[in-house]
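First up is the structure itself, then whatever we jot down about it.
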Amino acid sequence: MPDITPLQSQAPWVEFQTTDSDWQNADPAVLGTLLTHVHLIRAFEETVVGLAMEGLVHGPAHSSVGQEGGAAGSLALLRTTDQINGSHRGHHQFLSKALAHLHPNGISPTAELDTPTTTLLQRTLAEILGLSQGFCQGRGGSMHLRWDEAGVLGTNAIVGGGIPLAAGAAWAHKHAGTSDVAITYFGDGAVNIGSALETMNLAAAWKLPLCFFIENNRYAVSTSVEEATAEPRLSARGQAFNIPSWKVDGMNPLAVHLAMEQALAHMRAGRGPTIIEADLYRFYHQNGGFAGSAFGYRSKEEEQQWRERDPVTLMNTKMVELGLITAEEIEQLQARIQHAMKQATEALVEADPEGKAGKRRIRPELWPAPHFRDVGLRGDLSEMDGIVTVEQAASTAELAPRKFIDVVADVMGRRMETDPGVVIMGEDIHRLKGGTNGATRGLADRFPDRVLGTPISENAFAGLGGGLAMDGRYRPVIEFMYPDFMWVAADQIFNQIGKVRHMFGGDINVPLVLRSKVAMGSGYGSQHSMDPAGIFATSPGWRIVAPSTPYDYVGLMNTALKLNDPVLVIEHIDLYASTGLAATDDLDYCLPVGKAALRREGKALTILTYLSMVQHSLEAVEQTGVDAEVIDLRWLDQASLDWDTIGESIRKTNNVLIVEQGAKGTSYGGWLADEIQRRYFDWLDQPIQRVTGGEASPSISKVLERAAHARTEEVVEGLQRMQHGQGLN
């Protein structure tokens, strides 16, 4: 018979309830602030629901009526410098954090509402209605609320999507030596998603001051907690990651406040993350103004039981019982707030002159102008003003043959040496003498607190990097060992990092570099070999660079690290061992944004290519004798392509061959060919031709792998096809 030893978790896990003495001993100013917050949130949310029922809210309106206690209790007295983010149901958290920013010493329930408060209510309502005076200039709507000045990093429509971003803010607070914290709010539906669990693990391992605040309202749309998990006590998740956890009555604002005080003390002392699970209830359906029972997944009896625990009613009752306010004063508070909401609404909507009696419309002059559609998708490159760029031909530095991979490590070391804000992270980058290829050689020894070897959790650490970039104090460099892993982190890469600048109004910076290597020919098969250029080029918000020489790598990486946009830097495993001219005494020069390199002049046709295929194209030209012009694109994103160089070449040669190595399905050239034919159709003597790999991803078999991707031989075939079709010289 085996010996069996029971094991216990190391993390404390408690259920937290208030007693009568807690209410009696509470600071009256704190209770007054909690009362004011829940009333302001309730009135605001009821206004939103009413406008939604009128059809004036375009898209969903995820009401938090009933959940005011969790927001007010956890946020009413938080510092401005503490930061939060949240989910699609985030009006209440946004308002409570913003109110705490405007009134750091609390709000008296008997005081008049000041102008900053009424302005907050109107601007928040304007954002939910999609209007230009909103905090995100109408782009965010109900689900994307951000006010950086108040410490609101932004709410998020992807379930659990904002959680890793909050970890970035928490890392910034810790590394900067502050006692500030980050709080990420999400619901019971997000508890089981990878972003939440990966980030819990990462935050615990790195002892980040991050509170995972779970609003357990019992339903993810219509799916109950009991249906979704075998452990409906959601704060139990903390036991797996050694995170102290509190389970608290979220309908009781004071209970939440006291639990948060304990969690804050733990985090501000540098002891790592916390979890608070607040049991609460949304009085309406997932969105809109109907109760959940109208859709059949909740009973009216259940809804009534929760309404009897209304946090607004509880605060009213307790405050009157304690003699801190009278029923008449509460009515006056409600009247003041209702008047403020009426004024905010009337500033944004008006009677519809073409509608029936009583019908209203958004005031037409308040809509964003249509030309604002793409503004702020990327930055305006003003950060490059005054930066001198130096092409290799004009360089006065001492140049000598150097191995490509050595230059990769050296330039990153130089940037970390000169910029204390550069932080790099990725799997094994702190080990193996510089990661799996030596790209971070020596950096962990020189900068141990800024070279972060991560768990295998691309979604979490990519999102952490995104949050770090949005924070603004640091400039993260993320390494994906292989670009195929971007699919694991696709939400953070494409839905978050690529979109946040535009989504939150177009005026925030996201200075982030993502490095990854194309590994075709390495024998690593279908899931480690892709070229990500085609995917990123068709995803909004990213800039893309693809260096083909050691000299260019230094200049392009330096430029990427100056930009305030997310930049994908694609490398190639074949280039790592190659040797080329590089500066031996200068690692600080930049190359210009959006400038291609002419590698060979020619008159017969234009080859457009990048990375290792530049050299393969030059070899193919020599073998065939075709007088081709070879352009190394270097910048691949739609905003940065060098159309001047491309157009000049096409008008001269009248023939185009796009050369890339990877599979047809994720091809970069497909998009590029479409754009060229629309811009230069009248200059083309024949259809644009392309060289790519096969349809399938590379296989492990050496023969099949070689057949799956393009090299010199395939470029030769492409040139021969064009010779045959047009009689090229």
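Our numbering numbers the first residue of the sequence shown as 17 and each following residue consecutively.
Note that beta-carbon positions come from the ideal geometry of N, C-alpha and C, so glycine has one too.
- Between glycine 288 and lysine 190, the gap from beta carbon to beta carbon reaches 7 angstroms or more.
- Nearest to valine 423 by C-alpha distance, out of Glu399, Asp295, Ile291 and Thr565, is Thr565.
- Annotation: the continuous beta strand (DSSP E) that includes histidine 588 extends over 582-588.
- Distance between glutamate 362 and valine 328, taken at the CA atoms: about 26 angstroms.
- Taken in chain order, the complete alpha helix (DSSP H) segments of 4 residues or longer contained in the region 529-564 are 549-553.
- Take proline 120, set aside five residues on each side of it, and the residues of its chain with a beta-carbon closer than 7 angstroms to its own are Thr96, in chain order.
- Cα atoms of asparagine 258 and histidine 160: separation of roughly 31 angstroms, rounded to the nearest angstrom.
- Beyond the five residues adjoining it in sequence on each side, valine 64 comes within less than 8 angstroms, by CB distance, of Val73, Ala77, Ser79, His107, Leu141, Ile144 and Ser158 in the same chain, given in chain order.
- Beta-bridge partners assigned by DSSP to leucine 415: Ala599.
- If you look at arginine 650, you'll find it isn't in any alpha helix (DSSP H); DSSP assigns it neither H nor E.
- Within the same chain, Ile674, Ile704 and Arg706 come within 7 angstroms of alanine 689 by CB-CB distance, once the 5 residues on both sides are set aside.
- Between the region 579-593 and the region 549-559, the count of Cβ pairs shorter than 8 angstroms is three or higher; the stretches touch.
- Serine 124 is not bridged by DSSP to any residue.
- In this model, alanine 88 and glycine 102 are separated by some 14 angstroms (Cα to Cα).
- Under the three-state reduction of DSSP, proline 289 is assigned to coil, being neither helix nor strand.
- Fewer than three pairs of CB atoms, one per stretch, sit closer than 8 angstroms, so the region 395-415 makes no contact with the region 453-469.
- Of the candidates Asn525, Gly308 and Ile209, the residue whose Cα lies closest to the Cα of aspartate 396 is Asn525.
- Restricted to the region 150-197, the alpha helix (DSSP H) segments that are unbroken, complete and at least 4 residues in length are 179-191, listed in chain order.
- For isoleucine 494, the beta-bridge partners assigned by DSSP are Met441 and Leu530.
- Tryptophan 222 carries a coil assignment under DSSP once its states are collapsed to helix, strand and coil.
- Contact check for threonine 728 against glutamate 635 passes: the beta carbons are separated by less than 7 angstroms.
- Taking every protein chain shown into account, the CB of phenylalanine 311 has fewer than 16 other CB atoms within 10 angstroms, so this residue is exposed.
- No Cβ-Cβ contact shorter than 7 angstroms links serine 473 with proline 499.
- Straight across, the Cα-Cα distance linking cysteine 152 with asparagine 268 is about 32 angstroms.
- Glycine 156 is not a Cβ neighbour of valine 175, given a cutoff of 7 angstroms.
- The beta carbon of valine 365 sits closer than 7 angstroms to those of Leu72, Arg376, Arg377, Ile378 and Arg379, all from its chain and outside the five residues before and after it, given in chain order.
- Going by beta carbons, glycine 610 and histidine 518 fall outside the 7 angstroms limit.
- Looking at Ala476, Ile291, Gly437 and Thr625, the one whose alpha-carbon comes closest to that of valine 731 is Thr625.
- Under DSSP, alanine 644 forms a beta bridge with Leu621.
- Bridge partners of alanine 236 according to DSSP: Thr239.
- Residue pairing from DSSP places lysine 263 in a beta bridge opposite Glu31 and Glu293.
- With the rule of 3 Cβ pairs closer than 8 angstroms, the region 606-621 does not count as touching the region 547-557.
- By the criterion of at least three beta-carbon pairs nearer than 8 angstroms, the region 177-186 is not in contact with the region 431-439.
- Note on alanine 416: under 16 other CB atoms within 10 angstroms of its CB, so exposed under the neighbour-count rule.
- With fewer than 16 other Cβ atoms from the protein chains shown falling within 10 Å of its own Cβ, phenylalanine 697 counts as exposed.
- No Cβ-Cβ contact shorter than 7 angstroms links glycine 266 with glycine 479.
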